[in-house]
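Asker: Can you read through this structure? Questions will come right after.
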Amino acid sequence: MSDPVVGADTASGTAPDAARRLRVFLVDDHAMFRAGVRTELRDHVDVVGEAGTVPEAVRQIVALRPDVVLLDVHMPEGGGRAVLEQVRQRLDPGTAVRFLALSVSDAAEDVIGLIRAGARGYVTKSISPGELADAIRRVAEGDAVFSPRLAGFVLDAFAARPHVTLADPELDQLTNREREVLRLLARGYAYKEIARELYISIKTVETHVSNVLRKLQMSNRYELSRWAADRRIV
Amino acid sequence: MGTSGSGTLVASWKPCDDRRDDQSEDMDAVIGTPAGARDTPAAAGAAASDRERPAGAAGSPSVAPRLYREPDSRVLAGVAAGLAAHLGLPVTAVRLAFVVLLGVNGLGALLYAVFWAVLPPRPGVARARRDLAKLLLFAVLAVVVLAVRAFVADLNDATAVAGWLIALIAVGAGVIWHQVGDPDPRRRGASAGEVPGAPWLGAILTETGRRAYLLRFIGGGVLIIVGTVGLAAAYTPVGGSSVTAVLNGLLFALVALLGVALVAAPLLWRMIGVLRQEREARIREQERAEFAAMIHDQVLHTLALIQRSAPTGSDAYRLARSQERTLRGWLYRKPAGTPGQRLETALERAAAEVEDAYPVTVEVVVVGSDPADNGERIEALVAAAREAMVNAARHARVDSVSVYAEVEPDQVSVFVRDRGVGFDPGAVDPGRHGVRGSIIGRMERHGGRAEIVSSPGEGTEVRLLLPLAADRKESP
Chain U
3 MSDPVVGADT ASGTAPDAAR RLRVFLVDDH AMFRAGVRTE LRDHVDVVGE AGTVPEAVRQ
63 IVALRPDVVL LDVHMPEGGG RAVLEQVRQR LDPGTAVRFL ALSVSDAAED VIGLIRAGAR
123 GYVTKSISPG ELADAIRRVA EGDAVFSPRL AGFVLDAFAA RPHVTLADPE LDQLTNRERE
183 VLRLLARGYA YKEIARELYI SIKTVETHVS NVLRKLQMSN RYELSRWAAD RRIV
Chain D
2 MGTSGSGTLV ASWKPCDDRR DDQSEDMDAV IGTPAGARDT PAAAGAAASD RERPAGAAGS
62 PSVAPRLYRE PDSRVLAGVA AGLAAHLGLP VTAVRLAFVV LLGVNGLGAL LYAVFWAVLP
122 PRPGVARARR DLAKLLLFAV LAVVVLAVRA FVADLNDATA VAGWLIALIA VGAGVIWHQV
182 GDPDPRRRGA SAGEVPGAPW LGAILTETGR RAYLLRFIGG GVLIIVGTVG LAAAYTPVGG
242 SSVTAVLNGL LFALVALLGV ALVAAPLLWR MIGVLRQERE ARIREQERAE FAAMIHDQVL
302 HTLALIQRSA PTGSDAYRLA RSQERTLRGW LYRKPAGTPG QRLETALERA AAEVEDAYPV
362 TVEVVVVGSD PADNGERIEA LVAAAREAMV NAARHARVDS VSVYAEVEPD QVSVFVRDRG
422 VGFDPGAVDP GRHGVRGSII GRMERHGGRA EIVSSPGEGT EVRLLLPLAA DRKESP
């Protein structure tokens, strides 16, 4: 993945590019949580800043241009979604600031909403530090990160329904392979394990997941919103 | 005399705290009432004296002031003051006009009553006490006018009587209609505004409002009936039998009304009860939503933090986890036994039991909703899945177990997976009952099958498959 982030490398750039530490920004209205994540991630990435409110987050993200923003779903003044949308408005599309959503609740509506607004993935706040660092790395590389629950949501939302007319068949349904990959994700398989199970390369698994993410973001499938609204569950 | 008489009568029926204020805010904007000037008595007084002056001065000059009653500068009900403000005339002239018109078959009373019934009071204005001296003055004037009129012409003229009677009906209607628009959202609080689309029901439903409502209803009703009967009597051809005929008709109508009331009363009563229950339920739901938001933002977060910092399996971790689960169950309370989510609920309950018994986290993901008619078999499936979770928790030496269930039209599958130590399924002592009986055997008894995939160091996955009877498929 090419990485058009400007300025970052030259500023901190003593390390060789391959080992370059990712610049991560935390957005969460709970200071304790930010402090906890900061400590946990110290060994893995550079936490370049944090913010507890939407306007502050937008201002700093636009100024700092981190590689990955960890975004709390629920915050006052519009939550993570507001941050995402406002940052998108202010940065030109070429800038690679990527967003990973974090939440204590898995309300389908919120999660799907944030993904559709442009987040590259979603994990729960109870994720272990190692897995979180992994997820950040994957998002920074342009891949998608699906927690088992998000994979389940997507499978459910894209479930084949006999009476549904599809406006755009390419976008509005999943291929069998994508469905298989999602199922394995929902069953708790790691990418490596999925690759082995399906006899494909890890890169192919990543491609499938990215395609699913794209469909999730682009599809106008009616059920997607209705389903998410109907299913206000954990 | 009739005018002032009915006026005081009306006043006595109004609960003294009722301010009519049901006009929407945009009307306020049109009039340009200073918003801050409403609630302090001093300011209200100032506004009142403002409005004694001809219109146009108070509001913005480009917009013609709307027609309102002015309860804060009233002698009777503020009709004359309102008209004066609207027409730009001195208020005394308008009042005099009403009194003089009394002489024309009671036209003054009729007009006043109709205006009073129809005009809303100016919103946001407190009712002032009546100026008794002025009232007395105008009452005396009215008596004089009526006396003069009595000397000049025959009072028994049918049209004169009609005028008075219609005025009576208008007053009665006004008494009832004003009650309809009465609830003041600020004064009565949420209670009256709670019934959308039928604000007057709110008035019935508040305890204090109900008595006033009944009183007004009866009073207004009596006025209307007297007026109507009077009209009927006045316009029937003169003759001894006609009065009895009217009375008979009235009696008949009364009996019919009584019958209708008897039939409708229980229905009405029940409707009121249902409405009250609905309102209470809505209030409860609102409170719950507020609590839920608070708990979601604060408590769940704290619990998540504890789980992050405490080692998995420690007491603190398990306590936080189980508390979180309880709270979630309450926050996202699902209707128990919803057919579509029975599998999900059952699996989550099983996972919760395992989490409570062993130092392990069980993540449950369910896709699809289960068909309604497979209760017993679904139970067996869940029991087998639970056994698999317990095995993983006991033997795999892991922190977390993933459970994934998917409902397809023709089958239900459940996968229980851990990334633990694993084992060689071929090497398991065939005499051991655990896995064989509780998982594989149970599934086979119910027409399904179980598959255990494991190898040392690679973790274990238990795959449970339950075909659904084709003829019991749920309609999509």
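First to last, the protein sequences are chains U and D.
With my numbering applied, the first sequence has no gaps in its numbers, which climb one by one up to 236 at the end.
With my numbering applied, the second sequence has no gaps in its numbers, which climb one by one up to 477 at the end.
Built from N, CA and C at the ideal position, the CB exists for glycine as well.
For my contact list, R450 (chain D) and V422 (chain D) are in at a C-beta cut-off of 8 Å; report their separation, rounded to the angstrom.
Answerer: Looking up residue 450 (chain D) in the second sequence gives position 449. Looking up residue 422 (chain D) in the second sequence gives position 421. Contact flag wrong, Cβ pair sits at about 25 Å.
Asker: E356 (chain D) lies in the beta strand (DSSP E); which residues open and close that run?
Answerer: Translated into positions along the second sequence, residue 356 (chain D) becomes position 355. No beta strand (DSSP E) holds E356 (chain D); the alpha helix (DSSP H) holding it covers 343 to 358.
Asker: Three or more beta-carbon pairs under 8 Å between the segment 280 to 289 of chain D and the segment 93 to 111 of chain U, yes or no?
Answerer: Verdict: no, contact absent.
Asker: Going by Cα to Cα distance, which pick from D:A168, D:D400, D:V454 is closest to Q308 (chain D)?
Answerer: In the second sequence, counting from the first residue as 1, residue 308 (chain D) sits at position 307. Residue D:D400 is the option with its Cα nearest to Q308 (chain D).
Asker: Report the CB separation of D69 (chain U) from R40 (chain U) in whole angstroms; it is logged as a contact under 8 Å.
Answerer: Residue numbering aside, residue 69 (chain U) sits at position 67 when the first sequence is read from its first letter. Residue numbering aside, residue 40 (chain U) sits at position 38 when the first sequence is read from its first letter. About 16 Å separates the two Cβ atoms, so there is no contact after all.
Asker: Classify L206 (chain D) as helix, strand or coil using the three-state DSSP reduction.
Answerer: Here residue 206 (chain D) corresponds to residue number 205 of the second sequence, with the count starting at 1. The predicted model places L206 (chain D) with a pLDDT of 47, which falls under 50 and marks its position as unreliable; any figure quoted below should be read in that light. Helix, per DSSP.
Asker: Using 7 Å as the limit for Cβ to Cβ distance, is H46 (chain U) near chain D?
Answerer: As a working note, residue 46 (chain U) is residue 44 in the first sequence. Not an interface residue.
Asker: Grab the span of the beta strand (DSSP E) containing A53 (chain U) for me, first residue to last.
Answerer: Your numbering for residue 53 (chain U) matches position 51 in the first sequence. Note, A53 (chain U): beta strand (DSSP E), 48 to 53.
Asker: Have a look at U:G115, U:V64, U:L66 and flag the residue whose alpha-carbon is nearest the alpha-carbon of G82 (chain U).
Answerer: Stepping through the first sequence from its first residue, residue 82 (chain U) is reached at position 80. When each option's Cα is compared against that of G82 (chain U), the closest is U:G115.
Asker: Taking A110 (chain D) as the reference, give the member of D:L77, D:A85, D:G438 with the closest Cα.
Answerer: As a first step, residue 110 (chain D) is located in the second sequence; it is residue number 109 there, counting from the start. Considering only alpha carbons, the answer is D:L77.
Asker: In chain order, which continuous runs of the alpha helix (DSSP H) of length 4 or greater are located wholly inside the segment 115 to 199 of chain U?
Answerer: You should have 131 to 142, 150 to 159, 171 to 174, 178 to 188.
Asker: On the CB-based measure, 16 or more other CB atoms within 10 Å of its CB, does L255 (chain D) come out buried or exposed?
Answerer: Here the question's residue 255 (chain D) lines up with position 254 in the second sequence. Result: exposed.
Asker: So, helix, strand or coil for L251 (chain D), using DSSP?
Answerer: Numbered from its first residue, the second sequence carries residue 251 (chain D) at position 250. Looking at L251 (chain D) - three-state DSSP - the assignment turns out to be helix.
Asker: With a 10 Å radius around its C-beta and 16 neighbouring C-beta atoms as the bar for buried, classify D316 (chain D) as buried or exposed.
Answerer: Your numbering for residue 316 (chain D) matches position 315 in the second sequence. So D316 (chain D) ends up on the exposed side.
Asker: Indicate whether at least one CB of chain D lies closer than 7 Å to the CB of D158 (chain U).
Answerer: Mapped onto the first sequence, residue 158 (chain U) falls at position 156. By this cut-off, D158 (chain U) is an interface position.
Asker: Answer yes or no: do M390 (chain D) and V417 (chain D) have a C-beta to C-beta separation smaller than 7 Å?
Answerer: Taking the first residue of the second sequence as position 1, residue 390 (chain D) is located at position 389. Taking the first residue of the second sequence as position 1, residue 417 (chain D) is located at position 416. Result yes, Cβ atoms of M390 (chain D) and V417 (chain D) sit closer than 7 Å.
Asker: State buried or exposed for D74 (chain U), treating a residue as buried only when at least 16 other CB atoms are found within 10 Å of its CB.
Answerer: Here residue 74 (chain U) refers to the residue found at position 72 of the first sequence. Buried, by the Cβ-count rule.
Asker: With which residues is F416 (chain D) paired in a DSSP beta bridge?
Answerer: As a working note, residue 416 (chain D) is residue 415 in the second sequence. The partner list for F416 (chain D) (beta bridge, DSSP) reads D:Y405, D:R464.
Asker: With a CB to CB cut of under 6 Å and the five nearest residues on each side skipped, what residues in its chain are close to P267 (chain D)?
Answerer: Looking up residue 267 (chain D) in the second sequence gives position 266. Cβ within range, chain order: n/a, list empty.
Asker: Quick check on this structure: which residue in D:V230, D:L263, D:A262 has the alpha carbon closest to the alpha carbon of N249 (chain D)?
Answerer: Taking the second sequence and counting its residues from 1, the one referred to as residue 249 (chain D) is at position 248. That would be D:V230, whose Cα lies nearest to the Cα of N249 (chain D).
Asker: Report the residue ranges of all alpha helix (DSSP H) runs contained in full by the segment 263 to 325 of chain D; include only those spanning at least 4 residues, in chain order.
Answerer: Whole alpha helix (DSSP H) segments, 4+ residues: 301 to 310.
Asker: By a C-beta neighbour count over all protein chains shown, 10 Å radius and 16 as the cutoff for buried, is L184 (chain U) buried or exposed?
Answerer: Residue 184 (chain U) sits at position 182 when you count from the first residue of the first sequence. Answer is buried; the Cβ neighbour count reaches 16.
Asker: Counting only Cβ-Cβ distances shorter than 7 Å, please list the residues of the segment 24 to 46 of chain U near chain D, keeping chain order.
Answerer: Those residues of the segment 24 to 46 of chain U that come within reach of chain D (Cβ to Cβ, closer than 7 Å) are H32, M34, F35, G38.
Asker: When the Cα atoms are used, what is the spatial distance from V207 (chain U) to V156 (chain U)?
Answerer: Position 205 of the first sequence, counted from the first residue, corresponds to residue 207 (chain U). Position 154 of the first sequence, counted from the first residue, corresponds to residue 156 (chain U). Taking the straight line from one Cα to the other gives about 16 Å.
Asker: Does R83 (chain U) come out as helix, strand or coil in the three-state DSSP assignment?
Answerer: The residue given as residue 83 (chain U) occupies position 81 in the first sequence. R83 (chain U) falls in the helix class under three-state DSSP.
Asker: Given that G369 (chain D) touches chain U, what residues does it touch there, using C-beta distances under 9 Å?
Answerer: Numbered from 1 along the second sequence, position 368 holds the residue referred to as residue 369 (chain D). Those within 9 Å of G369 (chain D) in chain U are L157, D158, A161.
Asker: On the DSSP letters alone, give me the boundaries of the beta strand (DSSP E) that G440 (chain D) sits inside.
Answerer: Position 439 of the second sequence, counted from the start, is the residue given in the question as residue 440 (chain D). It is worth fixing the name first, because residue 440 (chain D) is Ile in this sequence and not Gly. Per DSSP, I440 (chain D) belongs to no beta strand (DSSP E) and is neither H nor E.
Asker: By Cβ distance below 6 Å, which residues in the same chain neighbour I225 (chain D) in space, the five residues on each side in sequence not counted?
Answerer: Start at 1 with the first residue of the second sequence, and residue 225 (chain D) comes out as number 224. Result list for I225 (chain D): I170, G173, in chain order.
Asker: At 8 Å on the CB atoms, spell out the chain U contacts of H297 (chain D), in chain order.
Answerer: By one-based count along the second sequence, residue 297 (chain D) stands at place 296. The answer, in chain order, is H76, V106, S107.
Asker: To the nearest angstrom, how far is it from the Cα of A319 (chain D) to the Cα of N392 (chain D)?
Answerer: For the purposes of this step, residue 319 (chain D) is taken as residue 318 along the second sequence, with counting starting at 1. For the purposes of this step, residue 392 (chain D) is taken as residue 391 along the second sequence, with counting starting at 1. Ala is not the amino acid found at residue 319 (chain D); the sequence shown has Arg there. C-alpha separation (whole angstroms): 19 Å.
Asker: So, L24 (chain U) versus V47 (chain U), is the Cβ gap smaller than 7 Å?
Answerer: In the first sequence, counting from the first residue as 1, residue 24 (chain U) sits at position 22. In the first sequence, counting from the first residue as 1, residue 47 (chain U) sits at position 45. Yes; because the gap between Cβ atoms is below 7 Å, this pair is in contact.
Asker: Of all the residues that make up the segment 188 to 220 of chain U, which are near chain D by a beta-carbon distance shorter than 9 Å?
Answerer: Per Cβ criterion, the list reads A188, R189, G190, Y191, A192, E195.
Asker: Counting only beta-carbon separations shorter than 7 Å, does V300 (chain D) have a partner in chain U?
Answerer: Position 299 of the second sequence, counting from 1, holds the residue named residue 300 (chain D). For V300 (chain D), the answer is no, since every Cβ of chain U falls outside 7 Å of its Cβ.
Asker: Which residues in the same chain as E356 (chain D) place their Cβ atom closer than 8 Å to its Cβ, once the five residues preceding and following it in sequence are excluded?
Answerer: Counting from 1 along the second sequence, the entry for residue 356 (chain D) is found at position 355. Closer than 8 Å at the Cβ level, and outside the excluded window around E356 (chain D), lie R319, R322, S323, R326, T362, V363.
Asker: Along the segment 123 to 155 of chain U, what residues have a CB closer than 7 Å to any CB found in chain D?
Answerer: So the list reads K127, S128, P150, R151, G154, given in the order they occur along the chain.
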